[in-house]
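Chemist: Here it is, the structure in full.
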Amino acid sequence: WGAGTRDGVISSSHTTTTTITAPPSRVLQNGGDKLETMPLYLEEDIRPGIKDDIYDPTYNDKEGPSPKVNYVWRNVILMSLLHLGALFGITLIPTCKFYSWLWGLFYYFVRALDITAGAHPLWSQPSYKARLPLRLFLIIANTMAFQNGIYEWAHDHRAHHKFSETHADPRNSRHGFVFSHVGWLCKRSAVKEKGGTLDLSDLEAEKLVMFQRRYYEPRFAADMCFTLPTLVPWCFWGETFQHSLFIATFLRYAVVLHATWLVNSAAHLFRYRPYDKNISPRENVLVSPGAVGEGFHEYHHSFPYDYSASEYCWHISFTTFFIDCMASLGLAYDRKKVSKASTLASIKRTGD
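All letters in the sequence shown, in the order written, are residues 1 to 352 by UniProt numbering.
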């Protein structure tokens with residue numbers, strides 16, 4: 001990097017890193033109780049404009065029984081068929097060609113980076129900036145992932161943070177492991193009601209995001225997620241169509257989904273809370289490899305504007321390594337990182 005620091009910003013010819021320090025405290029809700037807990041990073045020079053992904057302590061669940069779950073039977077049927085195909089793919093593993101494994105692994109990581117380097121830190125809770133080539137790559141990767149477009153993904157994630165652990169949280173872990181893992185695909189009425197109040201004007205001002213939203217066709221995204229990864233091994237190195245479909249596509253896609261969902265379930269329910277013992281998210285190192293660095297979920301909820309979503313470095317988070325590589329190429333810049341002093345203060349104040 002180059003030399004020189006000023007006002008907490010380390011600069012070079014290609015990239016900057018903003019160090020976030022001295023946060024105020026805020027009030028969070030755990031179930032029905034409000035607690036003085038996690039720090040808030042919302043200084044105007046760090047995060048101007050949109051604030052609808054910050055926890056809202058004024059929202060409380062209504063009295064009475066939980067809202068009725070509206071089952072989306074299309075999702076239930078399609079997910080059941082996918083998992084049947086993935087289970088059959090497991091039986092074909094011993095006879096799968098090596099290049100097909102490499103192809104599946106490559107597709108896995110490209111798809112994972114869509115979330116961990118794109119939809120999440122770049123658009124849902126902007127913690128770094130990217131130049132056009134990198135934004136294009138991440139938009140394409142998002143289409144390949146077949147997990148909704150950037151606009152819809154960011155909408156749900158902002159609701160998850162703003163209405164955390166309430167009925168308006170689409171991934172509410174208070175409903176248990178199964179709901180937070182996969183049941184949240186069946187929307188509750190409170191999710192739709194409160195989700196409609198979110199300010200998404202920053203996304204609406206992003207031309208690439210709105211272009212994708214306008215032209216995002218499920219059939220085209222399905223081709224990127226299913227047809228392309230099936231045809232490549234079948235056509236280029238003579239893999240059987242059966243192996244290409246059930247291993248490189250169905251099994252790979254199912255593993256990707258569960259790696260993502262474990263961040264919503266296991267990383268909200270199991271392991272440690274070193275930064276704040278009063279909230280639900282956890283530090284789950286077992287989730288991190290499959291989620292390419294997003295298993296340190298309590299850190300992310302404690303410090304949502306840290307681009308690395310972790311206190312640790314490259315050997316823990318492939319996503320951090322990727323973003324830093326992009327920064328060295330001049331494609332990523334203005335990465336925001338919480339200071340060590342702030343993390344230690346949080347550990348001392350409310351750590352488990």
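C-beta: ideal position from N, C-alpha, C; glycine also. Note that the structure is predicted; figures quoted are calculated from it, not measured.
From Ile-247 to Ala-341, what does the alpha carbon distance come to, in whole angstroms?
Modeler: If you number the sequence shown from 1, residue 247 lands on position 247. If you number the sequence shown from 1, residue 341 lands on position 341. Taking the straight line joining both Cα atoms gives about 46 Å.
Chemist: In whole angstroms, give me the CA-to-CA distance for Glu-193 and Ser-328.
Modeler: Translated into the one-based positions of the sequence shown, residue 193 becomes position 193. Translated into the one-based positions of the sequence shown, residue 328 becomes position 328. Their backbone Cα atoms lie some 43 Å apart in a straight line.
Chemist: Is DSSP giving Glu-206 helix, strand or coil here?
Modeler: Mapped onto the sequence shown, residue 206 falls at position 206. Note: Glu-206 maps to coil in three-state DSSP.
Chemist: Once you ignore the five residues that flank Thr-37 on each side, which residues in its own chain have a CB closer than 7 Å to its CB?
Modeler: Against the sequence shown, residue 37 aligns to sequence position 37. For Thr-37, the predicted structure reports a pLDDT of 37, less than 50, and the residue's modelled location is therefore unreliable. The matter cannot be settled from this model.
Chemist: Taking the alpha carbon of Thr-116 as the point to measure from, which residue in Asn-284, Asn-264, Pro-304 and Gly-293 has its own alpha carbon closest?
Modeler: As a working mapping, residue 116 is identified with position 116 in the sequence shown. Here the closest residue by C-alpha is Gly-293.
Chemist: Helix, strand or coil for Arg-335? Go by DSSP, reduced to three states.
Modeler: By 1-based counting over the sequence shown, the position of residue 335 is 335. Arg-335 falls in the strand class under three-state DSSP.
Chemist: Considering only the beta carbon of each residue, do Lys-336 and Tyr-128 sit closer than 9 Å?
Modeler: On the sequence shown, residue 336 is found 336 positions in, with the first residue counted as 1. On the sequence shown, residue 128 is found 128 positions in, with the first residue counted as 1. In this structure, Tyr-128 lies closer than 9 Å to Lys-336 by Cβ.
Chemist: How about Pro-281 and Ala-267: are their beta carbons less than 9 Å apart?
Modeler: For the purposes of this step, residue 281 is taken as the residue at position 281 of the sequence shown. For the purposes of this step, residue 267 is taken as the residue at position 267 of the sequence shown. Result yes, Cβ atoms of Pro-281 and Ala-267 sit closer than 9 Å.
Chemist: For the pair the stretch 99–108 and the stretch 119–134, tell me if three or more CB-CB distances fall below 8 Å.
Modeler: As far as the Cβ criterion goes, the stretch 99–108 does not touch the stretch 119–134, which means the pair count is below three.
Chemist: Per DSSP, what are the beta-bridge partners of Phe-296 in this structure?
Modeler: Position 296 of the sequence shown, counting from 1, holds the residue named residue 296. DSSP output for Phe-296 lists Glu-283 as bridge partner(s).
Chemist: Taking only runs of the alpha helix (DSSP H) that begin and end inside the stretch 170–201, which ones reach a length of at least 4 residues, in chain order?
Modeler: List check, alpha helix (DSSP H) in window: 177–181 and 189–195.
Chemist: Quick test of your reading: Asp-169 and Phe-163, contact by CB under 8 Å. State the CB separation rounded to the nearest angstrom.
Modeler: As a working mapping, residue 169 is identified with position 169 in the sequence shown. As a working mapping, residue 163 is identified with position 163 in the sequence shown. Right, their Cβ atoms sit about 5 Å apart.
Chemist: I think Thr-95 touches His-243, with their Cβ atoms under 8 Å apart; what is that distance to the nearest whole Å?
Modeler: Stepping through the sequence shown from its first residue, residue 95 is reached at position 95. Stepping through the sequence shown from its first residue, residue 243 is reached at position 243. With a Cβ gap of about 7 Å, Thr-95 and His-243 count as contacting.
Chemist: For Tyr-151, which three-state DSSP category applies?
Modeler: One-based indexing of the sequence shown puts residue 151 at position 151. Helix, per DSSP.
Chemist: Give the secondary structure of Ala-130 by DSSP, where H, G and I count as helix, E and B as strand, and everything else as coil.
Modeler: One-based indexing of the sequence shown puts residue 130 at position 130. Strand at Ala-130.
Chemist: For Ile-307, which of helix, strand or coil comes out of DSSP?
Modeler: In the sequence shown, counting from the first residue as 1, residue 307 sits at position 307. A small correction: the amino acid at residue 307 is Tyr; Ile does not occupy that position in the sequence shown. Three-state result, Tyr-307: coil.
Chemist: Could you tell me the distance, in whole angstroms, from the CA atom of Thr-249 to the CA atom of Ala-221?
Modeler: Along the sequence shown, read from residue 1 onward, the residue named residue 249 stands at position 249. Along the sequence shown, read from residue 1 onward, the residue named residue 221 stands at position 221. Those two C-alpha atoms are separated by around 13 Å.
Chemist: Could you tell me the distance, in whole angstroms, from the CA atom of Trp-101 to the CA atom of Phe-236?
Modeler: What you label residue 101 is simply residue 101 of the sequence shown in a count that begins at 1. What you label residue 236 is simply residue 236 of the sequence shown in a count that begins at 1. Answer to the nearest angstrom: the Cα atoms are 14 Å apart.
Chemist: Between Ile-323 and Ala-332, which are expected to be in contact by the criterion C-beta below 8 Å, what is the C-beta distance as a whole number of angstroms?
Modeler: The count along the sequence shown starts at 1 and reaches residue 323 at position 323. The count along the sequence shown starts at 1 and reaches residue 332 at position 332. So it is a contact: roughly 5 Å between Cβ atoms.
Chemist: Quick check on this structure: which residue in His-155, Asp-352, Leu-228 and Arg-171 has the alpha carbon closest to the alpha carbon of Glu-204?
Modeler: Residue numbering aside, residue 204 sits at position 204 when the sequence shown is read from its first letter. Closest option to Glu-204, Cα to Cα, is His-155.
Chemist: Three-state secondary structure (DSSP) at Tyr-272?
Modeler: Taking the sequence shown and counting its residues from 1, the one referred to as residue 272 is at position 272. It is a strand residue.
Chemist: Between the Cα of Ile-316 and those of Val-110, Val-287 and Trp-73, spot the shortest distance and give me the residue it belongs to.
Modeler: Residue 316 sits at position 316 when you count from the first residue of the sequence shown. The shortest C-alpha separation from Ile-316 is found at Val-287.
Chemist: Please identify the residue among Tyr-272, Asp-199 and Gly-85 whose C-alpha is closest to the C-alpha of Arg-158.
Modeler: Residue mapping note: residue 158 aligns to position 158 of the sequence shown, counting from 1. Ranking the options by Cα distance to Arg-158, first place goes to Asp-199.
Chemist: Assuming Asn-142 contacts Gly-118 under a Cβ cut-off of 8 Å, what Cβ separation, rounded to an integer in Å, is found between them?
Modeler: Position 142 of the sequence shown, counting from 1, holds the residue named residue 142. Position 118 of the sequence shown, counting from 1, holds the residue named residue 118. Indeed, because the Cβ distance is near 6 Å, the residues count as touching under 8 Å.
Chemist: Can you tell which of Leu-257, Pro-229, Thr-260 and Val-256 has the C-alpha that lies nearest to the C-alpha of Leu-245?
Modeler: By 1-based counting over the sequence shown, the position of residue 245 is 245. The shortest Cα separation from Leu-245 among Leu-257, Pro-229, Thr-260 and Val-256 belongs to Pro-229.
Chemist: Quick test of the definition: if touching needs 3 or more C-beta pairs under 8 Å, does the stretch 252–265 touch the stretch 77–92?
Modeler: Result yes; three or more Cβ-Cβ pairs closer than 8 Å.
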